[in-house]
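Asker: Per the working numbering, the sequence shown starts with residue 2, numbered consecutively. Ideal Cβ placement from N, Cα and C applies to all residues, glycine included.
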Amino acid sequence: MHIPYGRQNINEADIQSVIDVLRSDFLTQGPAVPAFENAVAEYCGARHAVAVNSATSALHIACLSLGVGSGDSVWTSPITFVASANCARYCGADVDFVDIAPRTYNMSVVRLKEKLLQAEAKGRLPKVVIPVHLCGQPCDMEGIYALSQQYGFKIIEDASHAIGGKYHNEPIGNCHYSDITVFSFHPVKIITTGEGGMALTNDASLAKSMQLLRSHGITRDEGGMTRASDGPWYYQQIELGYNYRMTDLQAALGLSQKQRLDEFVTKRHSLAHRYDDLLAGLPITTPWQHPDSYSGWHLYVIRLKLNEINKCHLDVFEALRAAGIGVNLHYIPVYQQPYYESLGFGAGYCPEAERYYAEAISLPMYPGLTEEQQNSVVSALIEAIR
């Protein structure tokens, strides 16, 4: 028996939605993509949504649309997938990292404030800050937004883990406290399009810029052209864009999946509560949830109390894998990757992130996880730390 840490949930309606597109006139650049964009924008309460082929692409065009370039600085969390930082490097900008809060594992507003004070003194404030909603739990966006008003930076919410979650009882993705919010639809995420992502915004000019950038910088809208059209075939490339388009096959799957989004998140919550109960009293720290937040529960991360366990982190992890439990670790601090070390980052840069990395293990978490499987996960964990 193997229990993965995450798994897509595909039903017959999802399969049929893709078959319907295969039998239609458009496999790409058809009606399914705008339908999916409208559905997600409406669900989140945002004015505009731009679907792309990955959340990485969404982060890239989000940075570009905010004017990130050479000489700029972008700050993010060290506990995230590398894409949250790489998007700034694609634009030629410098990247820096703000240490995490010890309970939520999200970007610490206290550390952000300290770092901004120091950066202001050096005349090196960030152009953009990218808070990451780790595991699906939203960051303290109100606190980050207040600092953005004071220090003049833009905000991209990396909500790759968080569609279906809420902050202050309102949907994550409404961009009340950010310029742009990014979602991921990778198969292990809350809903999937295979590969895929989306950027949401309430700013029409940012939406227009991202739409251009995802499709080669090309427009067929005469209103956006530099001279009169030569005829019905005419288009103009007015930016250096990319081929970051989502296909209609992917969008159809996403549209079908979105109908079960709330059901998926509710199931993830019940699994998380059950883990909390089953793991109570063990020498581990279970995830703490801020009262302002309703997590998408993409991941359920425990931390080992290593001073109470007679084994090291690796021993426990390997024992779980040997027992058929596909645990994972989200994430290695980004600045400890060789690429970022070559830019001058070293051990000790974000102490809280490094403490987290030394203790964290992601347990299996997906809507199809049965109680029997969950019991097996917990039994294997108890055995591994015994």
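1. Considering only residues of the stretch 95-124, which uninterrupted alpha helix (DSSP H) runs meet the minimum length of 4 residues and lie entirely inside it, listed in chain order?
2. Which same chain residues, not among the five before or five after S25, have their C-beta less than 8 Å away from its C-beta?
3. Would you kindly work out how many angstroms separate the C-alpha atoms of L300 and P365, rounded to a whole number?
4. At what residues does the beta strand (DSSP E) containing A361 begin and finish?
5. Quick one: is L300 near chain D, going by C-beta distance under 8 Å?
6. Go to M211, then tell me how far its alpha helix (DSSP H) extends in each direction, as first and last residue.
7. Got a sec? Which residues, its chain only, sit under 6 Å from A200 by beta carbon, not counting five neighbours each side?
8. Taking only three categories from DSSP, how would you classify I303?
9. I'd like the span of the alpha helix (DSSP H) that includes T57, first residue to last.
10. Decide if the stretch 235-245 is in contact with the stretch 330-347; the criterion is three or more beta carbon pairs, one per stretch, under 8 Å apart.
11. Once you ignore the five residues that flank P188 on each side, which residues in its own chain have a CB closer than 6 Å to its CB?
12. Compute the beta-carbon to beta-carbon distance between G165 and F265, rounded to the nearest angstrom, for a pair I have assumed lies under 8 Å.
13. Using only the alpha-carbon positions, how far apart do E43 and H49 sit?
14. Which residues mark the beginning and the end of the alpha helix (DSSP H) in which H274 is found?
15. Could you name the residues that DSSP lists as bridge partners for F184?
16. Enumerated in chain order, which unbroken segments of the beta strand (DSSP E) with a length of 3 residues or greater are wholly contained in the stretch 279-351?
17. If we ignore side chains and look at the alpha-carbon of each, how far apart do Y146 and V83 end up?
18. Helix or strand or just coil, what does DSSP make of P139?
19. Keeping to the same chain, check which residues put their C-beta closer than 8 Å to that of N39; ignore five residues upstream and five downstream.
20. With a cut-off of 8 Å, do at least 3 Cβ pairs link the stretch 359-376 to the stretch 313-324?
21. Could you tell me whether the Cβ atoms of Q258 and T202 are closer together than 8 Å?
22. What is the DSSP secondary structure of Y357, counted as helix, strand or coil?
23. Could you give the DSSP three-state label for Y168: helix, strand or coil?
24. By DSSP, does K155 sit in helix, in strand, or in coil?
25. Kindly list the residues whose CB is nearer than 6 Å to the CB of G7, restricted to its own chain and excluding five residues on each side of it in sequence; keep chain order.
26. Using 8 Å as the threshold, is the C-beta distance between E355 and P334 below it?
27. Under a three-way DSSP split, which group does N244 fall into?
28. Hey, could you find the ends of the alpha helix (DSSP H) I20 is sitting in?
29. With distances taken between CB atoms, is the gap from P288 to K306 smaller than 8 Å?
30. Let me check one thing: in DSSP terms, what residues is Q237 bridge-paired to?
31. Alpha carbons only, please: which of A252, D204, H169 is nearest the one belonging to Q290?
32. Are the Cβ atoms of L135 and H162 separated by less than 8 Å?
33. Can you tell me whether Y235 is buried or exposed, with buried defined as 16 or more other CB within 10 angstroms of its CB?
34. Would you give the residue range spanned by the beta strand (DSSP E) that I131 belongs to?
35. Compute the distance between the beta-carbons of M247 and V19, then report whether it is under 8 Å.
36. Report the partner residues of V379 according to the DSSP bridge assignment.
Answerer: The structure says:
1. Correct list: 110-123.
2. The residue you call residue 25 lines up with position 24 of the sequence shown. If you ignore the 5 residues before and after S25, its C-beta comes within less than 8 Å of the C-beta of G31, D249, all in its own chain and listed in chain order.
3. By 1-based counting over the sequence shown, the position of residue 300 is 299. By 1-based counting over the sequence shown, the position of residue 365 is 364. CA-to-CA, the gap between L300 and P365 works out to about 8 Å.
4. Position 360 of the sequence shown, counted from the start, is the residue given in the question as residue 361. 361-364 is the extent of the beta strand (DSSP E) around A361.
5. Absence of chain D from the displayed structure is noted, only one protein chain being present.
6. Here residue 211 refers to the residue found at position 210 when the sequence shown is read from its first residue. 205-214 is the extent of the alpha helix (DSSP H) around M211.
7. As a first step, residue 200 is located in the sequence shown; it is residue number 199 there, counting from the start. Spatial neighbours of A200 in its own chain (CB-CB distance under 6 Å, excluding positions within 5 residues in sequence) are listed in chain order as V51, A59, A63, I181, V183, M211.
8. Sequence index remark: in the sequence shown, residue 303 carries index 302 (1-based). It is a strand residue.
9. On the sequence shown, residue 57 is found 56 positions in, with the first residue counted as 1. For T57, the enclosing alpha helix (DSSP H) covers residues 56-66.
10. Proximity of the stretch 235-245 to the stretch 330-347 falls short of the contact definition, fewer than three beta-carbon pairs being nearer than 8 Å.
11. For the purposes of this step, residue 188 is taken as residue 187 along the sequence shown, with counting starting at 1. Same-chain partners within the cutoff: Q9.
12. Counting from one through the sequence shown, the residue named residue 165 turns up at place 164. Counting from one through the sequence shown, the residue named residue 265 turns up at place 264. The pair is a contact, with the Cβ atoms about 7 Å apart (cut-off 8 Å).
13. Numbered from its first residue, the sequence shown carries residue 43 at position 42. Numbered from its first residue, the sequence shown carries residue 49 at position 48. Cα-Cα distance, rounded: 9 Å.
14. As a first step, residue 274 is located in the sequence shown; it is residue number 273 there, counting from the start. First-last of the alpha helix (DSSP H) with H274: 262-280.
15. Taking the first residue of the sequence shown as 1, we reach residue 184 at position 183. BP columns for F184 point to M199.
16. Annotation: the stretch 279-351 contains the following complete segments of the beta strand (DSSP E) (minimum length 3 residues), in chain order: 301-305.
17. Locating residue 146 in the sequence shown gives position 145, counting from the first residue. Locating residue 83 in the sequence shown gives position 82, counting from the first residue. Roughly 23 Å between the two C-alpha positions.
18. Counting from 1 along the sequence shown, the entry for residue 139 is found at position 138. Annotated three-state conformation of P139 is coil, per DSSP.
19. Taking the sequence shown and counting its residues from 1, the one referred to as residue 39 is at position 38. The beta carbon of N39 sits closer than 8 Å to those of A50, all from its chain and outside the five residues before and after it, given in chain order.
20. Flag = yes, the stretch 359-376 and the stretch 313-324 touch.
21. Counted from its first residue, the sequence shown places residue 258 at position 257. Counted from its first residue, the sequence shown places residue 202 at position 201. It is not a contact, given that the beta carbons lie outside the stated cut-off.
22. As a working note, residue 357 is residue 356 in the sequence shown. The three-state reading of DSSP puts Y357 in helix, counting H, G and I together.
23. Reading the sequence shown from its first residue, position 167 is the one you call residue 168. It is a strand residue.
24. If you number the sequence shown from 1, residue 155 lands on position 154. DSSP places K155 in strand when its eight states are reduced to three.
25. As a first step, residue 7 must be located in the sequence shown, where it is residue number 6. Non-local C-beta neighbours of G7 in its own chain, meaning closer than 6 Å and more than five positions away in sequence, comprise V189, Y367, ordered along the chain.
26. The sequence position of residue 355 within the sequence shown is 354, counting from 1. The sequence position of residue 334 within the sequence shown is 333, counting from 1. P334 sits close to E355, with the two beta carbons spaced by under 8 Å.
27. Position 243 of the sequence shown, counted from the first residue, corresponds to residue 244. Correct three-state label for N244: strand.
28. Counting from 1 along the sequence shown, the entry for residue 20 is found at position 19. Run containing I20: 13-23, per the alpha helix (DSSP H) assignment.
29. In the sequence shown, the residue the question calls residue 288 occupies position 287. In the sequence shown, the residue the question calls residue 306 occupies position 305. In this structure, K306 does not lie closer than 8 Å to P288 by Cβ.
30. Numbered from its first residue, the sequence shown carries residue 237 at position 236. Q237 is bridged to T220.
31. In the sequence shown, residue 290 corresponds to position 289, counting from 1. In terms of Cα proximity to Q290, the closest of A252, D204, H169 is H169.
32. Looking up residue 135 in the sequence shown gives position 134. Looking up residue 162 in the sequence shown gives position 161. Closer than 8 Å, so yes.
33. As a working note, residue 235 is residue 234 in the sequence shown. Y235 sits exposed, since fewer than 16 C-beta atoms from the chains shown fall within 10 Å of its C-beta.
34. Within the sequence shown, numbered from 1, the residue matching residue 131 stands at position 130. Where I131 is concerned, the enclosing beta strand (DSSP E) stretches over 129-131.
35. On the sequence shown, position 246 is the one that residue 247 refers to. On the sequence shown, position 18 is the one that residue 19 refers to. M247 places its beta carbon 8 Å or farther from that of V19.
36. Numbered from 1 along the sequence shown, position 378 holds the residue referred to as residue 379. In DSSP, V379 forms no bridge with anything.
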